[in-house]
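*Asks:* Residue numbers (my numbering), protein chains in the order written: chain D, -10 to 222; chain P, -10 to 222; chain E, -10 to 222; chain H, -10 to 222.
Even for Gly, the Cβ is constructed at its ideal location relative to N, Cα and C.
Fair warning: this is a prediction, and the values are worked out from it, not measured in the lab.
There are 4 protein chains.
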Amino acid sequence: MALPRFQKLSAERRHGLIAAAAEEFAEKGYDGAALVAIAERSGIGKASVYYYFADKADLCSTVLDEAWKLLRLEGRVNLKTLTAETFWSSVQAAARENLTRCNQEPWLLAASKILNRAAADPNGGGVLGEFAAKRRAWEEAYVRRGQELGAVRKDLPAELLVTVSLAARQAANLWILEHLEKNGERTQSHLAGHVFEIYRAVLSPPPDWGGPPVVPAFTVVPGSADRPGSRSA
Amino acid sequence: MALPRFQKLSAERRHGLIAAAAEEFAEKGYDGAALVAIAERSGIGKASVYYYFADKADLCSTVLDEAWKLLRLEGRVNLKTLTAETFWSSVQAAARENLTRCNQEPWLLAASKILNRAAADPNGGGVLGEFAAKRRAWEEAYVRRGQELGAVRKDLPAELLVTVSLAARQAANLWILEHLEKNGERTQSHLAGHVFEIYRAVLSPPPDWGGPPVVPAFTVVPGSADRPGSRSA
Amino acid sequence: MALPRFQKLSAERRHGLIAAAAEEFAEKGYDGAALVAIAERSGIGKASVYYYFADKADLCSTVLDEAWKLLRLEGRVNLKTLTAETFWSSVQAAARENLTRCNQEPWLLAASKILNRAAADPNGGGVLGEFAAKRRAWEEAYVRRGQELGAVRKDLPAELLVTVSLAARQAANLWILEHLEKNGERTQSHLAGHVFEIYRAVLSPPPDWGGPPVVPAFTVVPGSADRPGSRSA
Amino acid sequence: MALPRFQKLSAERRHGLIAAAAEEFAEKGYDGAALVAIAERSGIGKASVYYYFADKADLCSTVLDEAWKLLRLEGRVNLKTLTAETFWSSVQAAARENLTRCNQEPWLLAASKILNRAAADPNGGGVLGEFAAKRRAWEEAYVRRGQELGAVRKDLPAELLVTVSLAARQAANLWILEHLEKNGERTQSHLAGHVFEIYRAVLSPPPDWGGPPVVPAFTVVPGSADRPGSRSA
DNA sequence: GATGAATGAGCGTTCATTCAT
DNA sequence: AATGAATGAACGCTCATTCAT
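1. Give a yes or no on whether the minimum CB-CB distance between P195 (chain P) and chain D is below 8 Å.
2. Exposed or buried, G114 (chain E), counting other C-beta atoms within 10 Å across all chains shown (16 or more means buried)?
3. Quick one: grab the DSSP three-state call for Q(-4) (chain P).
4. Using a Cβ-Cβ cutoff of 8 Å, what residues of the segment 80 to 97 of chain H are near chain E? List them in chain order.
5. Relative to the C-alpha of R158 (chain D), which residue among D:P196, D:N105 and D:A22 is closest?
6. In three-state DSSP terms, what is E55 (chain E)?
7. List the residues of chain H that T152 (chain E) touches, going by C-beta distances under 9 Å, in chain order.
8. Touch check for the segment 0 to 7 of chain H and the segment 70 to 86 of chain H: three-plus C-beta pairs under 8 Å?
9. Taking 8 Å as the threshold (C-beta atoms), are A147 (chain E) and R133 (chain E) in contact?
10. Among H:V184, H:S178, H:G182 and H:R61, whose alpha-carbon lies nearest the alpha-carbon of A130 (chain H)?
11. Is the distance from the Cβ of A10 (chain E) to the Cβ of L48 (chain E) below 8 Å?
12. I need the straight-line Cα distance from S37 (chain P) to G21 (chain D), nearest angstrom please.
13. When you check each C-beta in the segment 19 to 35 of chain H against every C-beta of chain E, which residues fall closer than 7 Å?
14. Is the CB-CB distance between F185 (chain H) and V80 (chain H) below 8 Å?
15. By Cβ distance below 8 Å, which residues in the same chain neighbour L192 (chain P) in space, the five residues on each side in sequence not counted?
16. How about E12 (chain D) and A99 (chain D): are their beta carbons less than 8 Å apart?
17. Is there a Cβ of chain D sitting closer than 8 Å to that of I187 (chain P), yes or no?
18. Please state the DSSP three-state secondary structure of E167 (chain H).
19. Opposite E63 (chain H) in the DSSP bridges: which residues?
20. How far does the alpha helix (DSSP H) with V132 (chain E) in it reach, from first residue to last?
21. Alpha helix (DSSP H) containing I27 (chain D): first to last residue?
22. Please list, in chain order, the chain E residues whose beta carbon lies closer than 9 Å to that of L149 (chain H).
23. Hey, A26 (chain H) and G34 (chain H): beta-carbon distance below 8 Å or not?
24. Would you mind stating whether K160 (chain H) and L97 (chain H) have Cβ atoms separated by less than 8 Å?
25. Name the chain E residues whose beta carbon is nearer than 9 Å to that of V116 (chain H)?
26. Whose Cβ in chain E lies nearer than 8 Å to the Cβ of L145 (chain H)?
27. If we define contact as Cβ-Cβ less than 8 Å, is K102 (chain P) a contact residue for chain D?
28. For a cutoff of 8 Å on Cβ pairs, would you count V191 (chain D) as touching chain P?
29. Quick one: which chain D residues come within Cβ less than 9 Å of A157 (chain P)?
30. Under 9 Å Cβ-Cβ, which residues of chain P neighbour A11 (chain D)?
31. State the start and end residues of the unbroken alpha helix (DSSP H) segment that holds W77 (chain H).
32. Establish whether the CB of W198 (chain E) and some CB of chain H are separated by less than 8 Å.
33. So which residues on chain P does A56 (chain D) lean against when the C-beta distance must stay under 7 Å?
34. Note down, in chain order, each residue of its chain lying with its Cβ closer than 8 Å to the Cβ of V116 (chain P), except the 5 sequence neighbours on either side.
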């Protein structure tokens, strides 16, 4: 949201403030982040933050909003025109593009962490809740569309798939971004491919693992530690 | 860690304190948890907490330690004697057993939530980080053993697999733990099966997806939004 | 209100805190009073105030409550059994007694200032509003009873009489208390008599002033300054 | 006081600023008034206020000064030529005229409220105190002149009379000013008459109340609540 | 001349931690 | 052994005031 005057700030200072906030929030979490620390990071006075933002929540909200504008897939991926053939390549391309953006702008990476972290926990309201819900909503639409197309497995609750897919993607993204810094462009393609592989592994319909179905035959002998081999896969 | 005198406390009070702490930390997060709330929950004076623990971190650490003793797989799963046949069933049984234990002891469920969130919680650095590392170490051994046995895919870096598998499992666990409270035993089996399915999907060698390999052909046209269909999966 | 532990505080410290608060609030007003100043005045840490009171409002409320218990006339003056003969002497005695109490306890004088100041302004909610209303309510009952008995004038709105009587009494009280400090017991009686005289003058039915009634004949020539003698008294 | 350049400002903007300040100070009190709110009310920049005034106190002081010029009685009432016959009518006319002026200019009404509250406002020390003193000085001259003429009672210390008369008048004025806004011209005369009645009641020599003199016979039995009827009025 | 931008100082409040008993 | 009492440090937020333009 941010007070209107924030738009009149020089791009440099505006970016500095957003970046400082994104990094502080990513490092310490919403509650743990100290406004004074954000102010110091960006080299302005603590009170000046309040000249541009209504309050802490407003600042965080603005950061996420800014990131959302750059990362959201609405408008870039058209769910309706997806087919079973294009589903995965579309995912791949979108993920790759966002990865590149985060790699170019460190604050975007930080904001992405906040966003993914919040979205992975479906509870938790407050400032983050709103964006978490948006992030989750898109993922859910994606997953459901994939299920319609037969590209995404239907044997697990969509809700669970969404949660796990968000978490797995974030983990993979963070891992890859950390490795990206020390590698060249060639490797980057490889790494991006890895992330995609994982994403597909989580969501794709499972192959026939062979052996009996997992759930029905499952039994537990309470109190006893597991004895490997007591039941077959 | 806990000061030595904590062991001299009656089992009842000891458990009460640990349980109260586990639940408070699980509900509010490490930073958000108030020591005074923990003291009140367990019916002892706030200063008494400091009689038994060095500080907040020590209390949290002790809670997680206690939970770790009950949940860790070292000693219950013998990596060396695992075979390709028993690998997945062993995972499944262990996961299931832990789920059952959490379901029987509410504080363990709470502690498990803390552990699962630890990796994502940026604040726990000190306390939570230590346990996250322990957990990761085990996961890494597991994954590597799986790769040796041919049960776990080798086309991705083990490090990445570990990271993602932890994240996916944690997400799935949290999701299931939250659903566990309101469901009966029958459903519980189902849910446990779900978690296992995801775990296996993440780690198993991928089927032949058909289509060209993902990585080599991958190209990004920066600045342009993805055009679905421009490349097939 | 005050948290229960406040009652367990030694009388000395309890009194010190109440006195410090009463004086700070009286000197600076509710908003202007700084909690840190109150803490310093009473020689305790700022955070300790929060050990005994929920917040600033609670502290102020407690001060006024304590004062109210000592100053209120309910139970000391029975409105129902008053007669035209006893009305004024009852007022006189009650006022005199409160004057004496305020003179003995400086904090009570300060609290009395807060109370009277708040009551004089019939608007203004918040913490003071509640007590202002109580103070005003009693004064109103008093005035109305006096009107029933024929002791109080009926030609002016009771509401106005209440407002003015409160203000006049407070002014007289403050004036007298300031003079009391340097005078002996003999003068004190005199001064107390003065206050009562004023109180009676404000409320008593007016004598026949001679001359035409004030209101109807009143005319203003706008723009011109008053010309003494243009209208007779 | 206001910096000299304030006089060079267009009458419109000058008046707008004064009016905005008067209303803000009247509504929120000196401390509660926010400079930014005054600036916004008058449509000028906050920093511009500091271009015309040294500080907050200076602004308030200027507002009160402006009001004082319009409301003060020096020059309108000639104390020396007053007689016993014209004393009260002069008071009445002056009070009435001021009331009319306040009714015509909303900002003057607001400023008048500030002035009337000044005596009771503990914070205004600096700014408001000065005007309270000026007002008191005039009141004192008035009262003393009234005593000389036999119009004002002499059985009470002039100092006390001044204090009480100011307080009573202020209370009555505030009461009436608050009622003025919602009433028509007819009622206005009535209300003005009320204020005058009170003023006269406070200051006029008291009638013979009947019964023994108040002061000499007055006794207090400490510790015992008043027993109505123990002494007659 | 006029003001948008920036901030230091201070407030109410919270909480982990210490200490005397 | 156990804890009530007390507090320093820090946080979110406000606002009168300054300064560069």
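*Replies:* In short, the structure shows the following:
1. yes
2. exposed
3. helix
4. Q81, A82, A83, R85, E86 and T89
5. D:N105
6. helix
7. A160, A161, L163 and W164
8. no
9. yes
10. H:R61
11. yes
12. 26 Å
13. D20 and G21
14. yes
15. V132, G135, A140, V141, R142, L150 and S154
16. yes
17. yes
18. helix
19. H:V66
20. G115 to E137
21. L24 to R30
22. A160, A161, W164, I165, H168, L180, H183, V184 and I187
23. no
24. For the record, residue 160 (chain H) in the displayed sequence is Ala; it is not Lys. Cβ distance not < 8 Å, so A160 (chain H) and L97 (chain H) don't count as in contact.
25. Those within 9 Å of V116 (chain H) in chain E number zero; the least Cβ separation is about 13 Å.
26. H183, E186 and I187
27. no
28. yes
29. V153, S154, A156, A157, A160, I187 and V191
30. Result: empty, since nearest Cβ-Cβ is about 13 Å, beyond 9 Å.
31. T75 to Q93
32. yes
33. Those within 7 Å of A56 (chain D) in chain P number zero; the least Cβ separation is about 17 Å.
34. Y19, A46, C49, S50 and L53
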